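Sequence lines, in order, name chains A and B.
Using numbering that gives the first Met the number 0, you'd call the opening residue of the first sequence number 0 and step up by one each time.
Using numbering that gives the first Met the number 0, you'd call the opening residue of the second sequence number 0 and step up by one each time.
Quick reminder that beta carbons are idealized off the backbone N, C-alpha and C, glycines included.
Just so we're clear, the structure is a prediction, and the values are computed from it rather than from any experiment.
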Amino acid sequence: MKAILLIAVNFVREQRWPILVMLLWVLLLAFLGLSTEAARQREDLLFVFKQVAVYVVAFSVFFGSSAIYNERRSRRILSVLSKAVARDRYLSGLVLGISFASAIYCFTLGLTGSWTLGQSGFAVSEVWFLMICLLAACVLAGTVSLMFSTFLNPFFAAGATAALMGLPALATYTSGNSHWGLAIPVYALIAVVLKSSFDTSAVGPWLPVVLAVCESLIFWFVAAQIFSYVDIAVSVE
Amino acid sequence: MYPILEFEGVTKEYRRLIGGSFRALANFSLEVQAGEIFGFLGPNGAGKTTAIHLAMGFMRPTTGRGSLLGKPFGHAGTRQRVGFLPENVALYPRRAERLVRFYGALNGMTFSQLQKRGPEVLELLGLQDDATRNVSRFSRGMLQRVGLAQALINDPELLILDEPTSALDPVSRVRVRELLIQSRATGRTIFLSSHLLSEIELLCDRVAVLHHGKLVRLAKTAELLQSSEQVEIAATGVSAGLFTGAVAQNGLLRIVVPRDQQRATITRIWTAGGEIVSVIPQRRSLEEVFLEVTAERPSNTATGGQ
Numbered sequence: 000m001k002a003i004l005l006i007a008v009n010f011v012r013e014q015r016w017p018i019l020v021m022l023l024w025v026l027l028l029a030f031l032g033l034s035t036e037a038a039r040q041r042e043d044l045l046f047v048f049k050q051v052a053v054y055v056v057a058f059s060v061f062f063g064s065s066a067i068y069n070e071r072r073s074r075r076i077l078s079v080l081s082k083a084v085a086r087d088r089y090l091s092g093l094v095l096g097i098s099f100a101s102a103i104y105c106f107t108l109g110l111t112g113s114w115t116l117g118q119s120g121f122a123v124s125e126v127w128f129l130m131i132c133l134l135a136a137c138v139l140a141g142t143v144s145l146m147f148s149t150f151l152n153p154f155f156a157a158g159a160t161a162a163l164m165g166l167p168a169l170a171t172y173t174s175g176n177s178h179w180g181l182a183i184p185v186y187a188l189i190a191v192v193l194k195s196s197f198d199t200s201a202v203g204p205w206l207p208v209v210l211a212v213c214e215s216l217i218f219w220f221v222a223a224q225i226f227s228y229v230d231i232a233v234s235v236e
Numbered sequence: 000m001y002p003i004l005e006f007e008g009v010t011k012e013y014r015r016l017i018g019g020s021f022r023a024l025a026n027f028s029l030e031v032q033a034g035e036i037f038g039f040l041g042p043n044g045a046g047k048t049t050a051i052h053l054a055m056g057f058m059r060p061t062t063g064r065g066s067l068l069g070k071p072f073g074h075a076g077t078r079q080r081v082g083f084l085p086e087n088v089a090l091y092p093r094r095a096e097r098l099v100r101f102y103g104a105l106n107g108m109t110f111s112q113l114q115k116r117g118p119e120v121l122e123l124l125g126l127q128d129d130a131t132r133n134v135s136r137f138s139r140g141m142l143q144r145v146g147l148a149q150a151l152i153n154d155p156e157l158l159i160l161d162e163p164t165s166a167l168d169p170v171s172r173v174r175v176r177e178l179l180i181q182s183r184a185t186g187r188t189i190f191l192s193s194h195l196l197s198e199i200e201l202l203c204d205r206v207a208v209l210h211h212g213k214l215v216r217l218a219k220t221a222e223l224l225q226s227s228e229q230v231e232i233a234a235t236g237v238s239a240g241l242f243t244g245a246v247a248q249n250g251l252l253r254i255v256v257p258r259d260q261q262r263a264t265i266t267r268i269w270t271a272g273g274e275i276v277s278v279i280p281q282r283r284s285l286e287e288v289f290l291e292v293t294a295e296r297p298s299n300t301a302t303g304g305q
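In structure tokens, the structure reads:
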């Protein structure tokens, strides 16, 4: 567990600049909260909040798809895996690192959202429910992209993740059956955030969140199985 | 007692999308015993690093198997007792002391162990004054020393070092050499891959030479260097003019002759009234041995594109 935590913290440390760039979007929301009259322009604030929120899912895909590639290209992976760190633990560290990075963003956005939207009548508890949905979506998206990145380069891994995430949305759209969205619930969780409004309560069923956590574990397991067969010392170029 | 490191008929092929495959190691077998410094030689592309990476579990053999400290290659728990320095040291940009502690912690060392051992290894490698500096600002030689520090942090039973002194200055090189000799004295085993033949000659108990993925020579270093076809005969009481190429110094005559002329030369010295002081097989340098062993020979290791 200690090694997993160390790898996770190290991942966040290595990604501190992208995380900081992400947080600039939250700063934008905070700036809007300060510069606008919250009560009159609350719909605009909510729109920006939703927009800023879904960016983090794309970032988690980016983190997941490039994590192993960057470590292999820089050859730093050799120094880590030459220690008593099994490959599945190494992947666990990366998944935890992606989760930490996403959690930092969600927490900051949650705080800013509670302040800006809270003063315009949006329930604070709903803001935090949306952040939990967002974090669950990030963890699942990051794990799926990490799984693809064990055998694809980052570009294709990100593309494959987007395609896989988009399938349930496509099935929902074509069949009209919303249950398809629960198959790989990233789309369903993002939809919860995007459909939130001042008029209806955003706090809904927890099933997509639970499913996202369970599926993250499944994808992590598949990733670990694939990664155990990968020759990591071979050039990735 | 099991071998510390063992390869049993290991073959490693790199598959290519186009153009078949390339065989980096072919039916490679080797045993490294406890407490020795083992030199691993070979020209560039001979398969040394591939063999090391297989042993560390970074890749899987295509066929064959091997063991590290009695456990199959790739067993994560075993690596807790191994120190590894890769050929190209790549480290996270952190302060040297923190970095070394990070790698120690990955090996399951406790905070108190790291507090004690961290400064110790940095001092061993002469980095105590740079411990608080970020390694991203280090020279290549200093980076290599930090790499060695992270390999030594857990006081490993087996050290696997891939070109450990290639970037070091002479002073650091001597320091590392002494460190390795000290480690052997305390029962540690060292598997050393290097192109610095003089160093291998000075340090290693046994040497293996790899060429085109195949083991072409395995011997004790002393035997390898003495297996010359020439002997040096030292004698007194004879004139240098009797022997062509003889060198006289301080009343001692030194004559280098082919081994098959040894008996005849000694008889001539005795006949001339001289006394034999010593007969020593000529030592060759490891460089000579290396060049002889790796002289281009037909290779069938490439099964595809190469």
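Looking from the CA of A45/B, the closest CA among I232/B, L142/B and A23/B belongs to A23/B. For M58/B, the chain A residues whose C-beta falls within less than 8 Å of its own C-beta are D230, I231, A232 and V233, listed in chain order. According to the DSSP assignment, T235/B belongs to no alpha helix (DSSP H) but to the beta strand (DSSP E) extending over Q229 to T235. If the five residues before and after V246/B are omitted, its C-beta is found closer than 6 Å to the C-beta atoms of R253, all from its own chain and listed in chain order. Using a Cβ-Cβ cut-off of 7 Å, R78/B is close to S81, K82 and A83 of chain A, given in chain order.
Ranked by Cα distance from T35/A, the first of W114/A, L4/A, F197/A and V221/A is W114/A. With respect to V237/B, I268/B sits close: the two C-beta atoms are nearer than 8 Å. Here the segment 205-216 of chain B does not lie against the segment 258-277 of chain B, with fewer than 3 beta-carbon pairs under 8 Å apart. What L90/B touches in chain A, judged by beta-carbon distance under 8 Å, is R75 and S78, going in chain order. Taking T48/B as reference, the option from L209/B, V81/B and G76/B with the minimal CA-CA separation is L209/B. Taking a beta-carbon distance threshold of 8 Å, A2/A counts as an interface residue toward chain B. The criterion of a C-beta distance shorter than 8 Å is satisfied by G141/A and V94/A. Assignment of K194/A by DSSP, reduced to helix, strand and coil, places it in the coil class. In the DSSP assignment, N9/A falls within the alpha helix (DSSP H) that extends over K1 to E13. Pairing S124/A with S64/A gives a Cβ-Cβ distance that is not under 8 Å.
Taken in chain order, the complete alpha helix (DSSP H) segments of 4 or more residues contained in the segment 77-155 of chain A are 86-115 and 123-148.
Taking 8 Å as the cut-off, the beta carbon of L251/B is found no closer than this to the beta carbon of T266/B. Chain-order list of chain A residues neighbouring G63/B: empty, with the shortest C-beta distance near 15 Å, by a criterion of under 9 Å. Chain-ordered, the chain B residues with CB closer than 9 Å to the CB of L5/A read F101, A104 and L105.
The residue among T10/B, Q127/B and I3/B with its C-alpha nearest the C-alpha of H211/B is T10/B. Residues are counted here when their Cβ sits less than 7 Å from a Cβ of chain A; for the segment 22-43 of chain B the count is zero. Note: N133/B is bridge-paired with R94/B in the DSSP secondary-structure output.
Sequence-ordered contacts of the segment 134-150 of chain B with chain A read Q149 [C-beta pairs closer than 7 Å]. Of all C-beta pairs linking the segment 79-87 of chain B to the segment 158-169 of chain B, three or more are shorter than 8 Å, placing the two stretches in contact.
Between F101/B and L5/A the beta-carbon gap is near 7 Å, inside 8 Å, which marks them as a contact. Contact holds between the segment 74-84 of chain A and the segment 71-81 of chain B, because three or more Cβ pairs, one in each stretch, are under 8 Å apart. G125/B is positioned such that its CB atom lies closer than 8 Å to that of R174/B.
With a contact defined as Cβ atoms closer than 8 Å, A148/B and V99/B qualify at about 5 Å. Less than 8 Å separates the beta-carbon of V229/A from that of T149/A.
Not a single CB atom of chain B sits nearer than 8 Å to the CB of E42/A. Look at G76/B here: in three-state DSSP terms it is helix. Where A247/B is concerned, the enclosing beta strand (DSSP E) starts and stops at V246 to Q248.
Excluding the 5 residues flanking it on each side, Q40/A has no same chain C-beta neighbour closer than 7 Å. By the neighbour-count criterion, in which 16 or more other beta carbons inside 10 Å mark a residue as buried, P204/A falls on the exposed side. Going by DSSP, H52/B is part of the alpha helix (DSSP H) stretching over K47 to A54. For Y228/A, there is no enclosing beta strand (DSSP E), since its DSSP letter is neither H nor E.
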